[in-house]
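For the sequence shown, my numbering puts the final residue at 123, and the numbers step up evenly by one. Heads up, the beta-carbon is just placed ideally off N, CA and C, and yes, glycines get one too. Remember, predicted model here, so these are calculated numbers, not experimental data.
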Amino acid sequence: QIPGGCNGRVEAVDSRFFVFYSHKARWRVPYDHINLLEYGQKVDRRIIPAVLISPLFLLSKKRQHFLTVGYEDEEGRQQAMIFKVDKDAIRATLVSLEARTGRKVDFQDEEARKAGKG
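Shown next as C-alpha coordinates:
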(Lines of atoms letter the chains of each structure in order from A and count residues from 1; the text may use other names and numbers.)
(Lines give C-alpha, C1' and ligand atoms only; values in the text may rest on other atoms or scores of the structure.)
Protein backbone atom coordinates (compact mmCIF):
# COMPACT_ATOMS: atom_id res chain seq x y z
CA GLN A 1 0.00 0.00 0.00
CA ILE A 2 1.27 3.45 -0.92
CA PRO A 3 1.18 5.80 2.07
CA GLY A 4 -0.92 8.95 1.63
CA GLY A 5 1.06 12.05 0.72
CA CYS A 6 3.93 9.99 -0.65
CA ASN A 7 5.89 11.94 -3.28
CA GLY A 8 7.22 10.20 -6.35
CA ARG A 9 6.61 9.71 -10.03
CA VAL A 10 4.37 7.48 -12.12
CA GLU A 11 5.50 5.73 -15.27
CA ALA A 12 3.43 3.98 -17.89
CA VAL A 13 6.34 3.13 -20.18
CA ASP A 14 7.23 -0.35 -18.93
CA SER A 15 5.90 -3.05 -21.26
CA ARG A 16 4.15 -5.01 -18.47
CA PHE A 17 3.71 -2.77 -15.41
CA PHE A 18 2.34 0.59 -14.35
CA VAL A 19 4.97 1.80 -11.89
CA PHE A 20 5.08 4.34 -9.06
CA TYR A 21 8.51 5.28 -7.77
CA SER A 22 9.10 7.12 -4.51
CA HIS A 23 12.36 7.90 -2.78
CA LYS A 24 11.91 4.85 -0.53
CA ALA A 25 10.13 2.23 -2.59
CA ARG A 26 8.55 1.14 -5.87
CA TRP A 27 5.04 -0.19 -6.52
CA ARG A 28 4.08 -2.07 -9.69
CA VAL A 29 0.70 -3.11 -11.04
CA PRO A 30 0.44 -5.32 -14.13
CA TYR A 31 -1.49 -3.52 -16.87
CA ASP A 32 -3.81 -6.50 -17.26
CA HIS A 33 -4.92 -6.11 -13.61
CA ILE A 34 -5.99 -2.49 -14.14
CA ASN A 35 -9.77 -2.22 -14.50
CA LEU A 36 -10.40 1.51 -13.99
CA LEU A 37 -8.76 4.70 -15.26
CA GLU A 38 -10.36 7.96 -14.17
CA TYR A 39 -9.15 11.51 -14.61
CA GLY A 40 -10.44 14.67 -13.01
CA GLN A 41 -9.45 18.09 -11.82
CA LYS A 42 -9.89 19.48 -8.38
CA VAL A 43 -10.26 23.22 -8.60
CA ASP A 44 -9.16 25.20 -5.58
CA ARG A 45 -9.99 28.88 -5.51
CA ARG A 46 -7.42 31.02 -3.79
CA ILE A 47 -7.99 34.61 -2.87
CA ILE A 48 -5.15 36.77 -4.08
CA PRO A 49 -4.91 40.26 -2.64
CA ALA A 50 -4.63 42.70 -5.51
CA VAL A 51 -3.85 45.79 -3.52
CA LEU A 52 -1.76 47.39 -6.26
CA ILE A 53 -4.35 46.70 -8.95
CA SER A 54 -7.57 47.18 -7.08
CA PRO A 55 -8.78 47.43 -3.51
CA LEU A 56 -10.96 44.38 -4.26
CA PHE A 57 -9.85 40.78 -3.98
CA LEU A 58 -9.44 38.68 -7.09
CA LEU A 59 -10.17 34.98 -7.36
CA SER A 60 -7.79 32.70 -9.19
CA LYS A 61 -8.11 29.03 -10.01
CA LYS A 62 -5.44 26.50 -9.26
CA ARG A 63 -6.08 23.27 -11.13
CA GLN A 64 -4.76 20.00 -9.87
CA HIS A 65 -4.80 16.91 -12.04
CA PHE A 66 -5.83 13.62 -10.44
CA LEU A 67 -5.54 10.13 -11.91
CA THR A 68 -7.34 7.22 -10.25
CA VAL A 69 -6.11 3.74 -11.14
CA GLY A 70 -8.32 0.85 -10.04
CA TYR A 71 -6.96 -2.68 -10.11
CA GLU A 72 -7.35 -6.16 -8.74
CA ASP A 73 -4.53 -7.22 -6.42
CA GLU A 74 -2.92 -10.68 -6.28
CA GLU A 75 -5.55 -11.87 -3.78
CA GLY A 76 -8.45 -10.79 -6.02
CA ARG A 77 -9.37 -7.70 -3.97
CA GLN A 78 -10.28 -4.43 -5.64
CA GLN A 79 -7.77 -1.67 -4.90
CA ALA A 80 -7.34 1.93 -6.03
CA MET A 81 -4.52 4.44 -6.17
CA ILE A 82 -5.04 8.18 -6.61
CA PHE A 83 -2.19 10.26 -8.01
CA LYS A 84 -1.79 14.00 -8.38
CA VAL A 85 -0.04 14.33 -11.75
CA ASP A 86 1.79 17.36 -13.11
CA LYS A 87 -0.20 19.24 -15.76
CA ASP A 88 2.62 18.83 -18.28
CA ALA A 89 2.62 15.03 -17.89
CA ILE A 90 -1.08 14.18 -17.67
CA ARG A 91 -1.88 13.84 -21.39
CA ALA A 92 1.05 11.54 -22.14
CA THR A 93 0.27 9.45 -19.05
CA LEU A 94 -3.40 9.03 -20.03
CA VAL A 95 -2.57 8.09 -23.64
CA SER A 96 0.05 5.58 -22.54
CA LEU A 97 -2.27 3.96 -19.98
CA GLU A 98 -5.10 3.66 -22.53
CA ALA A 99 -2.75 2.01 -25.02
CA ARG A 100 -1.18 -0.40 -22.53
CA THR A 101 -4.34 -1.41 -20.65
CA GLY A 102 -6.78 -1.41 -23.57
CA ARG A 103 -9.16 0.62 -21.40
CA LYS A 104 -10.58 4.07 -22.01
CA VAL A 105 -10.10 6.79 -19.44
CA ASP A 106 -13.30 7.88 -17.67
CA PHE A 107 -13.41 11.67 -17.33
CA GLN A 108 -15.15 13.19 -14.30
CA ASP A 109 -16.61 16.04 -16.35
CA GLU A 110 -16.31 17.92 -19.64
CA GLU A 111 -13.62 20.24 -18.29
CA ALA A 112 -11.47 17.24 -17.37
CA ARG A 113 -12.08 15.74 -20.83
CA LYS A 114 -10.80 18.92 -22.49
CA ALA A 115 -7.71 19.05 -20.28
CA GLY A 116 -6.97 15.35 -20.73
CA LYS A 117 -7.50 15.21 -24.49
CA GLY A 118 -5.96 18.55 -25.37
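DSSP places R108 in the coil class of the three-state scheme, outside both helix and strand.
Counting along the chain, the unbroken beta strand (DSSP E) around E16 starts and ends at G13 to E16. Straight-line measurement puts the Cα of E16 at about 7 Å from the Cα of T98. Between V34 and S101, the C-beta spacing is not below 8 Å.
Runs of the beta strand (DSSP E) spanning 3 or more residues and lying entirely within the segment 69-107 occur at 83-90, in chain order. Scanning its chain for C-beta atoms nearer than 7 Å, with the 5 sequence neighbours on each side dropped, one finds no residue around A94. Three or more Cβ pairs drawn from the segment 39-48 and the segment 68-88 lie within less than 8 Å of each other, which places the two stretches in contact. Around the Cβ of Q83, a 10 Å sphere holds fewer than 16 other Cβ atoms; the residue is exposed. With 16 or more other CB atoms across the displayed protein chains lying within 10 angstroms of its CB, Y44 is buried.
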